[in-house]
Amino acid sequence: MKDLSITIPVSQRTYDELTDAERNLVDLAREAYGRAYAPYSHFHVGAAILLDNGETVTGSNQENAAFPSGTCAERTAAYYAHSAHPQAGFKAIAIAARGTDGQEIESPVAPCGACRQALLEYEKLAGHDVKVLLVGRDTIYTLPSVRSLLPLAFSEF
Numbered sequence: 022m023k024d025l026s027i028t029i030p031v032s033q034r035t036y037d038e039l040t041d042a043e044r045n046l047v048d049l050a051r052e053a054y055g056r057a058y059a060p061y062s063h064f065h066v067g068a069a070i071l072l073d074n075g076e077t078v079t080g081s082n083q084e085n086a087a088f089p090s091g092t093c094a095e096r097t098a099a100y101y102a103h104s105a106h107p108q109a110g111f112k113a114i115a116i117a118a119r120g121t122d123g124q125e126i127e128s129p130v131a132p133c134g135a136c137r138q139a140l141l142e143y144e145k146l147a148g149h150d151v152k153v154l155l156v157g158r159d160t161i162y163t164l165p166s167v168r169s170l171l172p173l174a175f176s177e178f
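Numbering of the sequence shown is given in my numbering, commencing with residue 22 and proceeding in unit increments.
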């Protein structure tokens with residue numbers, strides 16, 4: 022038997038430590054959670070994806086009484102991004118959330134497993150790492166790739 026250890030590279034930064042492009046992406050993710058439809062969970066999530074053609078696409082979670090018919094912010098943004106810009110690869114994604122108390126969550130939020138797998142597909146399609154910014158009120162985690170969120174992913178690469 023051999024024990025293995027998986028290490029995930031994460032940088033903890035403040036908003037002021039981000040580049041202008043990263044701050045813009047975070048701002049757009051924060052705006053997007055304001056457009057969430059979350060009458061059941063009251064947990065509003067926004068995502069913003071920067072494409073390699075310079076466009077940015079946003080999405081928010083959309084709930085439905087016929088659970089699990091809703092969709093997460095990350096997949097809303099990803100599916101729209103590829104539908105509207107099929108030739109553009111993803112460069113980066115920022116994810117932010119407002120909790121049930123109506124305030125931005127204190128700790129950075131990470132995508133669910135289904136979103137991680139879906140985003141990994143678009144990283145594969147892009148042919149390069151897609152930077153991930155997980156946003157909390159005062160702390161932002163940056164990860165070098167979607168793959169770093171899902172190290173034992175179901176994937177061909």
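Glycine is no exception: its CB is placed at the ideal position from the N, C-alpha and C atoms.
Bear in mind that the values here come from a model prediction, so they are computed numbers and not experimental data.
With the cut-off set at 9 Å, would you say Gln83 and Ala117 are in Cβ contact? For the purposes of this step, residue 83 is taken as residue 62 along the sequence shown, with counting starting at 1. For the purposes of this step, residue 117 is taken as residue 96 along the sequence shown, with counting starting at 1. For Gln83 and Ala117, no; Cβs fall outside 9 Å.
Report the residue from Arg168, Ala115, Glu144, Thr160 whose alpha carbon sits nearest the alpha carbon of Thr79. Position 58 of the sequence shown, counted from the first residue, corresponds to residue 79. Looking only at Arg168, Ala115, Glu144, Thr160, the smallest Cα-Cα distance to Thr79 is reached by Ala115.
How many whole angstroms separate the CB atoms of His103 and Tyr143, which I take to be in contact at a CB cut-off of 8 Å? Here residue 103 corresponds to residue number 82 of the sequence shown, with the count starting at 1. Here residue 143 corresponds to residue number 122 of the sequence shown, with the count starting at 1. The pair is a contact, with the Cβ atoms about 7 Å apart (cut-off 8 Å).
Apply the 10 Å Cβ neighbour rule to Ile126 and answer buried if 16 or more other Cβ atoms are within range, or exposed otherwise. Indexing the sequence shown from 1 puts residue 126 at position 105. Under this definition Ile126 is a buried residue.
Gln108 - partner residues in DSSP beta bridges: Here residue 108 refers to the residue found at position 87 of the sequence shown. None, per the DSSP bridge assignment.
For His103, the three-state DSSP class (helix, strand or coil): Mapped onto the sequence shown, residue 103 falls at position 82. In the structure shown, His103 sits in a helix (DSSP, three-state: H, G or I).
Could you compute how far the alpha carbon of Thr77 sits from the alpha carbon of Asp150? The residue you call residue 77 lines up with position 56 of the sequence shown. The residue you call residue 150 lines up with position 129 of the sequence shown. Computed Cα separation, rounded: 17 Å.
Alpha-carbon spacing of Asp37 relative to Pro172, whole angstroms: Position 16 of the sequence shown, counted from the first residue, corresponds to residue 37. Position 151 of the sequence shown, counted from the first residue, corresponds to residue 172. So the alpha carbons of these two residues sit roughly 29 Å apart.
If distances are taken between C-alpha atoms only, which option among Leu154, Pro132, Val167 comes closest to Ser32? As a first step, residue 32 must be located in the sequence shown, where it is residue number 11. Nearest C-alpha to Ser32 among Leu154, Pro132, Val167: Leu154.
Selected residue, minimal CA-CA separation from Phe175, among Asp159, Gly134, Val156: Residue 175 sits at position 154 when you count from the first residue of the sequence shown. It is Gly134 whose Cα lies nearest to the Cα of Phe175.
Starting from Val66, follow its DSSP beta bridges and name the residues at the other end. The sequence position of residue 66 within the sequence shown is 45, counting from 1. Answer is Ala118.
Ignore the nearest five residues each way along the sequence and tell me which others in Pro30's own chain have a CB closer than 8 Å to its CB. The count along the sequence shown starts at 1 and reaches residue 30 at position 9. Counting only residues of its own chain and dropping the five nearest sequence neighbours on each side, Pro30 has a CB closer than 8 Å to the CB of Leu164, Pro165, Ser169.
Under DSSP, the alpha helix (DSSP H) around Gln138 begins and ends at which residues? Sequence index remark: in the sequence shown, residue 138 carries index 117 (1-based). Its alpha helix (DSSP H) spans residues 134 to 147.
Grab me the residues of Val47's own chain with a C-beta within less than 7 Å of its C-beta, minus the 5 sequence neighbours each way, in chain order. Stepping through the sequence shown from its first residue, residue 47 is reached at position 26. Only Tyr36, Leu39, Ala115, Ala117, Leu154, Val156, Ile161 meet the Cβ criterion.
Out of curiosity, what's the CA-to-CA distance linking Gly148 and Gly110? As a first step, residue 148 must be located in the sequence shown, where it is residue number 127. As a first step, residue 110 must be located in the sequence shown, where it is residue number 89. Distance between the alpha carbons of Gly148 and Gly110 is about 8 Å.
What residue range does the beta strand (DSSP E) around Arg34 cover? As a working note, residue 34 is residue 13 in the sequence shown. According to the DSSP assignment, Arg34 belongs to the beta strand (DSSP E) that extends over 32 to 34.
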